[in-house]
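Residue numbering for the sequence shown follows the numbering used here, beginning at 17 and increasing consecutively.
Glycine included, every Cβ here is placed at the ideal spot set by N, Cα and C.
Here the structure is a predicted model, which means the values were calculated and not measured.
Below is one structure, written out as structure tokens; comments come after it.
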Amino acid sequence: MRNKGLAINSCCAWDGETLVLNIFGQPSAKQDAIGKVKGNQLKISVTAAPVGGRATDHMVRFLAKEFGVTPKDIEVVFGRFNVNKQLRIKSPKNLPSVISKHLSQEGR
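Here it is in structure tokens:
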């Protein structure tokens, strides 16, 4: 596992075939959802409570479905017990529209 995250000036960027996401997590939400880009972070809401990393674990499972990967393909680089996180998604098969739009504006 990596100790430091990739410094990106965006909510998302490619590192080879791996998608790097800077996330602002909202636990205890009414529903699991991928929200809007706010600054250099993508808002992700999850229904799980922020107890012992459960919200982050739930977020990883939710995002795995959204990106068409297994939870093991998603690495929490930092922020497991914090709302500010960086995730690395290995070879995502699907890109949610907010991410594909953002990446196309960034030039890839």
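Just to confirm before moving on: does the CB-CB distance between S26 and Q42 stay below 8 Å? Here residue 26 refers to the residue found at position 10 of the sequence shown. Here residue 42 refers to the residue found at position 26 of the sequence shown. No, Cβ-Cβ distance for S26 and Q42 is not below 8 Å.
For V114, which of helix, strand or coil comes out of DSSP? For the purposes of this step, residue 114 is taken as the residue at position 98 of the sequence shown. It is helical.
Which residues does DSSP list as the beta-bridge partners of N25? As a working mapping, residue 25 is identified with position 9 in the sequence shown. N25 pairs with nothing; no bridge assigned.
Output needed for V96: all residues of its chain with C-beta closer than 7 Å, excluding positions within five of it in sequence on either side, in chain order. Start at 1 with the first residue of the sequence shown, and residue 96 comes out as number 80. Checking the displayed sequence, the identity of residue 96 turns out to be Arg instead of Val. G69, T72.
Considering Cα atoms alone, identify which of G51, H118, K46 is closest to A64. Looking up residue 64 in the sequence shown gives position 48. Residue K46 is the option with its Cα nearest to A64.
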